[in-house]
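Residue numbers (our numbering), protein chains in the order written: chain A, 1 to 266; chain B, 267 to 578. Just so it is clear, CB atoms sit at the ideal spot from N, CA and C, and this is done for glycine as well. None of these values were measured; they are calculated from a predicted model. Here the structure is laid out as structure tokens; the discussion comes afterwards.
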Amino acid sequence: MIRDLLRPGILLRLVVFAALVAFLAAPDRFAGLLAPLTSNGAPSIYTQSSLIDLTLAHLFTVALSTFAAAVLAVGLAIFVTRPAGVEFLALSRAIVNIGQTFPPVAVLALSVPAMGFGEAPTRMALFLYGLLPIFENTLVGLSTLPPAVVETASAMGMTGRQRLLKVELPLAMPLIIEGIRLSAVIGLATATIGSTVAAKGLGEVIVAGLLSNNLAFIVQGGVITGILAVLISDIFTAVARRATKRRGAPSAAARTEPDGRQTSGA
Amino acid sequence: MIELSHLTKVYGDVAVVHDVNMHVEAGTITVIVGTSGSGKSTLLRMVNRLVEPTKGRVLVEGRDVLKMPAHELRRSIGYAIQSHGLFPHWTVARNIATVPMLLGWDRKKVAARVEELMELFQLDHVQFADRYPHELSGGQQQRVGVARAMAAKPTLLLMDEPFGALDPIIRGKAQADLKAIQRRTGTTILLVTHDMDEAIHLGDRIAVMNGGDLKQYAPAADILARPADAFVDDLIGPADRPFHYLTLGTVRTAVEPGEADGAPLAADTSLYEGLGALLWSGRRTAPVVDASGAALGRVSLGGIADKAARPR
């Protein structure tokens, strides 16, 4: 464990994380560092709201919408890979594709009249935007399992539900996690635009910087968001790698057919 | 044990399996042999309903399989395939425990059974129980696959080209091991292969499939002696036929009184191996001894040759 922590990559991330925490805990101490980016004696640290509150609100919004997107997208992907749901594959694809194609800014603009200002339109936009990567990844994960493994699960007497929970989902898990990672990272960046409709988040700092022509605000909002995105991405990658490692090469079972004969042949 | 009557599977307009009637005796190994596309795998899969029959009936131990819930039926029948289909995210022990766990055996009983099977299949428990399938060799994976199929002590075991992915040396050993284990446990085995050698080596009875039809269903010796048609004849390979025939008998059956020089042959050696030993050592006769080493007589090239002739 100690040795793991000392690996250069991990060490670097720990240092970056510590710096981020230090900055959020007492931003004033870093005022001097950002001062060269301001002019005319403008403040170099955003103080309208506490940075730590904005960061937590930002993370909460992303977590909530990514979680909701994951639940729906994974559920939908499971449904369309069951015999009963195959017919809905094209339809589901179309729906999540629209979610991804429709720009989040447009979603914000359209949902404000219905939902009012605040977090709700942002969460809606992120939720729609996050569906596609999770759906497509889960779909690939569930539909490219080694046929011999899936068939044996049935042949051993697993019910459809047991097969899904004990075999298919665990084997598709690395890809599902990868999809959630993509959605979370995209969401983290996209959430900044929520501030244009008064959602609490790090976008507020960036927008304030843009409005008052304060580069220091833009940099601190942007860098905090960026660091969060990188760290969260790394955590997901590490979790996915753990899930992959345990079962060895992705489709070792499928590859041990030297003569290429499909086991499903007559 | 298994009773197939008028069993038919149609995909589109094609009858992949056509009106097959077959009776499989309990405690025997029956091998279904045929070329690819002959319908042999489909026939096998209709027994545990991985393929639903279009027409006809399958009785296993007197029960109509179509009248049982598919998952319950499958838990009572062992199943092993060529690419073993081990669950890559489970350890060897967990893989073997699959069916007992599904049946809700208690933990202790499962652990004991896993250990017993690993010993039976010569997999060191300490060394392998906690390994993942990708850490094993092909031969080990195959053994785990068969061990898993036998875990809940099924009386019937279905095997679809179980040795197809193994190299020839390991395959020979795996076949011999399977036969020995089958003799010990008395499990009924229905095995599919495209390899006539394997069929003759393993099968108490052989079913030859071609184009969805069951061409011939008989003991190995009968198939060799009286192939039902040109296809069966082809599958055996006319040139190999007498040699196949010799693999079925032991030297004991060709013992004649008398003495001979050189290294003795064990009485349980197959006639085929006996012939090879004589040819290679340049002898015309060799002494035969029983398991305890007592002399039984001798075996001669001529005596073996007589056994290879087409029976009348």
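Roughly how many whole angstroms lie between the Cα atoms of B:Leu-562 and B:Asp-330?
-> 51 Å
Using DSSP bridges, identify the partner residues of B:Val-474.
-> B:Val-299 and B:Gln-482
Going by the beta-carbon positions, is the gap between B:Pro-420 and A:Val-149 smaller than 8 Å?
-> no
Of all Cβ atoms in chain A, is any one closer than 8 Å to the Cβ of B:Thr-421?
-> no
May I have a chain-ordered list of the beta strand (DSSP E) segments no shorter than 3 residues that lie completely inside the segment 315-387 of chain B?
-> 321-326 and 343-347
When DSSP labels each residue in this structure, what does B:Thr-516 get in the three-state scheme?
-> strand
Show which residues of chain B have a CB atom less than 8 Å away from the CB atom of A:Glu-178.
-> Going along chain B, no residue has its Cβ under 8 Å from A:Glu-178, so there is no contact; the nearest lies around 16 Å.
Under 8 Å between C-beta atoms, does A:Glu-257 make it to chain B?
-> Since pLDDT at A:Glu-257 reaches only 36, below the 50 mark, its modelled position is unreliable, and the value read off the structure follows with that caveat. A:Glu-257 counts as touching chain B.
From B:Ala-557 to B:Asp-488, what does the alpha carbon distance come to, in whole angstroms?
-> 29 Å
Could you check where the alpha helix (DSSP H) with A:Asn-137 kicks off and where it finishes?
-> 119-143
Within its chain, find whatever has a CB closer than 8 Å to the CB of B:Ile-502; leave out the 5 residues flanking it on each side and keep chain order.
-> Met-462, Ile-489, Leu-490, Pro-493 and His-510
Could you tell me which of A:Gly-222, A:Val-219, A:Leu-132 and A:Ala-106 sits nearest to A:Thr-122, measuring between CA atoms?
-> A:Ala-106
At what residues does the alpha helix (DSSP H) containing A:Asn-97 begin and finish?
-> 89-101
State the DSSP-derived secondary structure class of B:Leu-423, mapped to helix, strand or coil.
-> strand
Separation of A:Ala-229 from A:Ala-19, as counted between CA atoms | 15 Å
Could you tell me whether any Cβ in chain A is nearer than 8 Å to the Cβ of B:Glu-338?
-> yes
Through-space distance from A:Leu-164 to B:Ser-403, alpha-carbon basis | 28 Å
Quick one, are the C-beta atoms of B:Ser-547 and B:Thr-513 less than 8 Å apart?
-> no
For B:Tyr-483, which of B:Leu-423, B:Gln-408, B:His-289 and B:Lys-275 has the nearest alpha-carbon?
-> B:His-289
Grab me the residues of B:Ile-362's own chain with a C-beta within less than 6 Å of its C-beta, minus the 5 sequence neighbours each way, in chain order.
-> Val-380, Leu-383, Ala-413, Arg-414 and Ala-417
At a cut of 8 Å, does the segment 184-197 of chain A reach the segment 230-239 of chain A through at least three beta carbon pairs?
-> yes
Measure from the C-beta of A:Gly-157 to each C-beta in chain B and report whether the shortest distance is under 8 Å.
-> yes
Measuring only between beta-carbons, confirm whether A:Ala-148 sits less than 8 Å from chain B.
-> yes
Should A:Arg-29 go down as buried or exposed, given a rule of 16 or more other Cβ atoms within 10 Å for buried?
-> exposed
Range of the contiguous beta strand (DSSP E) that encloses B:Val-555 | 551-555
Around the C-beta of B:Val-392, are 16 or more other C-beta atoms found within 10 angstroms, so that it is buried, or is it exposed?
-> exposed
Given a cut-off of 8 Å, decide if A:Met-124 and B:Val-365 are closer than it, judged by their beta-carbon atoms.
-> no
Interface residues of chain A facing B:Arg-341 [CB-CB closer than 8 Å] = Met-156 and Gly-157
Could you check if A:Val-275 is buried or exposed, using at least 16 other CB atoms within 10 Å of its CB as the buried criterion?
-> With chain A covering only 1 through 266, there is no way to say anything about residue 275 of chain A.
Between the C-alpha atoms of B:Thr-453 and B:Gly-524, what's the straight-line distance to the nearest angstrom?
-> 41 Å
Simplified DSSP state of B:Asp-285, which is helix, strand or coil = strand
Below 9 Å between beta carbons is the criterion; list the residues of the segment 368-390 of chain B that meet it against any residue of chain A, in chain order.
-> Leu-368 and Leu-369
Interface partners of B:Leu-316 on chain A, CB under 8 Å = Glu-151, Ser-154 and Ala-155
If you drop the 5 nearest sequence neighbours on each side, which residues of the same chain put their C-beta closer than 7 Å to that of B:Ala-321?
-> Residue 321 of chain B is actually Lys in this sequence, not Ala. His-272 and Thr-274.
Within 8 Å of chain A by C-beta, residues of the segment 444-477 of chain B in sequence order = none
When you compare only the Cα positions, how much space is there between A:Ile-45 and A:Ala-57?
-> 18 Å
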